[in-house]
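Each residue of the sequence shown is one higher than the one before, counting from 0 in numbering that gives the first Met the number 0. Below you'll find the structure, written out as structure tokens, and then a few comments.
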Amino acid sequence: MRISSFRQIIAIALLGFVCLSMTGGATELEEMLQEAMERNSTVQAARWRVEQALLSHDELMEFFDPALYAAAGEARHAKGVPGSSNNPALTNDSFDVQGGIEQAVQPGFYLSIGGAERWLQDSSTDKELIQTLFGVRVRVPLLRDKGFKTFSLSRQLAMAQYNVAVSQLMQICQQLRLDVELAYISAYESLSSYQVTKEATIRFENLYKEAQELCRLKAVPDYQIFQSQLELQIGREDEEKARLAHEISLVALAKAMGVRRDIVLLHEPKVLFEIASQTAIAEDIPLEQAMESRGDYQEFQNAMEVARLQQDTAEEEKVDELNLVFGAAFQGESDSGPLGTDAIETQRRVGGDVALIWRRPLGNRGPLARIARYGARLSELHESINALKVTVDSDMRQHAMNFRAASQRLKLVQQGIKAAQETVAAELERFRLGENLSSNVTDAQKNLTSILQRQTTAAADLLRARANFSHAIGYAQTTP
């Protein structure tokens, strides 16, 4: 038996993420997310927890499994004790072997079918007398059917626990999406930084070669070589650090995905700026909509439903029971062997009985304590939801501010790149004419490298703010 639930559909839909709308990068990220969903062990473990919760719902159908009853015993001068339970109904001065089957039947009664063999030890006949009894008994709850009510509550509780597991899966999927997106952004950020550093090294190397040539031609003094040579060595060391940082970022991306393979990026570093230029956020998402879209909020809500059902179950333990029991039986006798059908001592082979049985639990210390405990659990979850609302509201505002600031920074930096490039060209031309120092050229080149790195950082910060904002709103809406 499989259960359809709204939250299950949400969780399944999340597995095919609607990723950031990216020129060139969309397919690559979507494929990484899909691979992460299929191979990440944390997600798979959460899916198995959902499966366990689903199977626990199915196993409750054992309530309708028939129960087999068997007993054997001997009674001598026995006196019936009213109010006792779990004792077989033995006939006085006899040896009994009896058995039967009880079955719960919808819409709410219990059917028992059984039989017995009785070896009477005090009979009016000279021979051993054996009685054979077959009967049918029906028990009908008259107030509230405690058994069926508890069964119904157990099924609802299992469903609520299943929804908790589905919500946890949703939360894990949302966190995985954020982790993969952030690692993906960091990988392209480090790739762009590596490229900027390599280009800087090439500029320093070209300057060093040009300084050597100008010194050979006696256009500039020999000491002009030293600054460019120093910056070239520093640039090569920076390049090596940038290369290592990029390789580590690829390892981190594989870890976020939950895979053990080498990650190879498909696009050039410029894709980072293309993505950033087309990215926006939907700041008009209401807090209530964001909360409803988050897996952790859904988990709290479903956990509250679990606690409420546990309270209802505890309340049910306090309820009185009043059962109407009636049945019919056939009794036969034999003085020569079992399974007799004769009438020897009694002339009535068929009989019946009817009774009202009332039962009330006294004290209720356990149910009352459980009700109080589940009430405390509800209060805890209520406060947890309030704390989550504060956190989500704060995160939405902070990430929105970070996004706007990063967007403004990116515009400012992009306006300064052309000026930095022109400054490098001008300083280099003056150096070639012998009117400038190589240190001024290297300073201009370092300024260009710095502003290009700032462009990379601003674009990555913008995309990180966007990813964090989307996670904060539970991916309620993704604006291209």
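By construction, the Cβ of each residue, glycine as well, lies at the ideal position given by its N, Cα and C atoms. Note that this is a predicted model, so its numbers are computed, not measured.
Looking only at C-alpha atoms, which of Glu-50, His-381, Ala-424 and Ala-404 sits nearest to Glu-298? Ranking Glu-50, His-381, Ala-424 and Ala-404 by Cα distance to Glu-298 puts His-381 first.
Would Leu-265 and Glu-27 be called neighbours here (beta carbons separated by less than 8 Å)? Yes, the pair counts as a contact, with Cβ atoms nearer than the cut-off.
Using a Cβ-Cβ cut-off of 6 Å (strictly less than) and excluding sequence neighbours within five positions of Glu-230, which residues of its own chain qualify? Non-local beta-carbon contacts of Glu-230 in its own chain, meaning distances under 6 Å to residues more than five positions away in sequence, involve Phe-203 and Thr-441 in chain order.
Under a three-way DSSP split, which group does Leu-355 fall into? When secondary structure is reduced to three states using DSSP, Leu-355 falls in the strand class.
Could you tell me the alpha carbon to alpha carbon distance between Gln-211 and Ile-224, rounded to whole angstroms? Gln-211 and Ile-224 have their alpha carbons spaced roughly 6 Å apart.
Report yes or no: do three or more beta-carbon pairs, one from the stretch 153–160 and one from the stretch 402–417, lie closer than 8 Å? A contact is defined here as three or more CB-CB pairs under 8 Å, and the stretch 153–160 fails this definition with respect to the stretch 402–417.
Who does Ala-457 pair with in a DSSP beta bridge? For Ala-457, which the question treats as bridged, DSSP gives no partner whatsoever.
Tell me whether Thr-22 is buried or exposed, calling it buried when 16 or more other Cβ atoms sit within 10 Å of its Cβ. Caution is warranted here: a pLDDT of 41 is assigned to Thr-22, below 50, making its placement in the model unreliable, and the coordinate value is therefore given only provisionally. The residue is exposed, with fewer than 16 neighbouring Cβ atoms inside 10 Å.
Please report the distance separating the alpha-carbon of Ala-74 from that of Arg-117. One C-alpha to the other measures close to 11 Å.
Consult DSSP for Thr-22 and reduce its assignment to one of helix, strand or coil. In this prediction, Thr-22 scores a pLDDT of 41, lower than 50, which makes its location untrustworthy; no coordinate-derived value is stated.
Along the chain, where does the beta strand (DSSP E) that runs through Asp-95 open and close? 93–104 is the span of the beta strand (DSSP E), which, as asked, contains Asp-95.
Is DSSP giving Pro-140 helix, strand or coil here? The answer is strand: DSSP assigns Pro-140 an E or B state.
Sheet register partners of Gln-330 (DSSP bridge): Paired residues: Leu-132.
Under a three-way DSSP split, which group does Tyr-109 fall into? The answer is strand: DSSP assigns Tyr-109 an E or B state.
According to DSSP, which residues form a beta bridge with Gly-146? Gly-146 pairs with nothing; no bridge assigned.
When the Cα of Arg-235 is compared with those of Glu-209, Ile-201 and Ser-111, which residue comes out closest? Ranking Glu-209, Ile-201 and Ser-111 by Cα distance to Arg-235 puts Ile-201 first.
Could you tell me the boundaries of the alpha helix (DSSP H) in which Tyr-296 lies? If you look at Tyr-296, you'll find it in the alpha helix (DSSP H) that goes 294–315.
Could you tell me the distance, in whole angstroms, from the CA atom of Val-139 to the CA atom of Phe-329? Computed Cα separation, rounded: 22 Å.
First and last residue of the alpha helix (DSSP H) that includes Glu-246? That run of the alpha helix (DSSP H) goes 223–256.
Using the three-state DSSP reduction, which class does Glu-116 fall into: helix, strand or coil? DSSP, read as helix, strand or coil, puts Glu-116 in strand.
The stretch 173–191 touching the stretch 213–220, judged by at least three CB pairs closer than 8 Å: No, the stretch 173–191 does not touch the stretch 213–220.
Buried/exposed call for Asp-178, threshold 16 Cβ in 10 Å: Flag for Asp-178 reads buried.
Host alpha helix (DSSP H) of Leu-365 (start-end): For clarity, residue 365 is Gly in the given sequence; the question names Leu instead. That run of the alpha helix (DSSP H) goes 364–431.
Contacting residues, own chain, Cβ-Cβ under 6 Å from Ile-472 (five flanking each side not counted): Cβ within range, chain order: Ile-284 and Ala-289.
Going by DSSP, name the residue or residues bridged to Val-324. DSSP links Val-324 through a beta bridge to Arg-138 and Ala-354.
Just to check my reading of the structure: Arg-408 and Ala-457 have Cβ atoms closer than 8 Å, yes? What is that Cβ distance to the nearest angstrom? Approximately 4 Å separates the beta-carbon atoms of Arg-408 and Ala-457; this is inside 8 Å, confirming the contact.
Terminal residues of the alpha helix (DSSP H) in which Leu-53 lies: Leu-53 -> alpha helix (DSSP H) spans 40–58.
Is Ala-115 closer than 8 Å to Asp-95 when the C-beta atoms are compared? Pairing Asp-95 with Ala-115 gives a Cβ-Cβ distance under 8 Å.
Check whether the Cβ atoms of Ala-103 and Gly-134 sit closer than 8 Å, and answer yes or no. With contacts defined by Cβ atoms closer than 8 Å, Ala-103 and Gly-134 do not form a contacting pair.
By the 10 Å Cβ neighbour count, where 16 or more other Cβ atoms means buried, how is Asn-162 classified, buried or exposed? By the neighbour-count definition (other C-beta atoms within 10 Å, threshold 16), Asn-162 is a buried residue.
Report the partner residues of Ala-71 according to the DSSP bridge assignment. DSSP lists Val-96 as the beta-bridge partner residues of Ala-71.
Do Arg-46 and Leu-168 have their beta-carbon atoms positioned less than 8 Å apart in this structure? Yes; because the gap between Cβ atoms is below 8 Å, this pair is in contact.
Taking Gln-452 as the reference, which of Gln-194, Glu-315, Pro-337 and Glu-30 has the closest Cα? Closest by alpha carbon: Gln-194.
Ser-292 classed as buried or exposed, judged by whether at least 16 other C-beta atoms fall within 10 angstroms: Ser-292 counts as buried, since no fewer than 16 other beta carbons sit within 10 angstroms of its beta carbon.
Just mark Ser-40 as buried or exposed, buried being the case when its beta carbon has 16 or more other beta carbons within 10 Å. Looking at its Cβ environment, which holds fewer than 16 other Cβ atoms inside 10 Å, Ser-40 is exposed.
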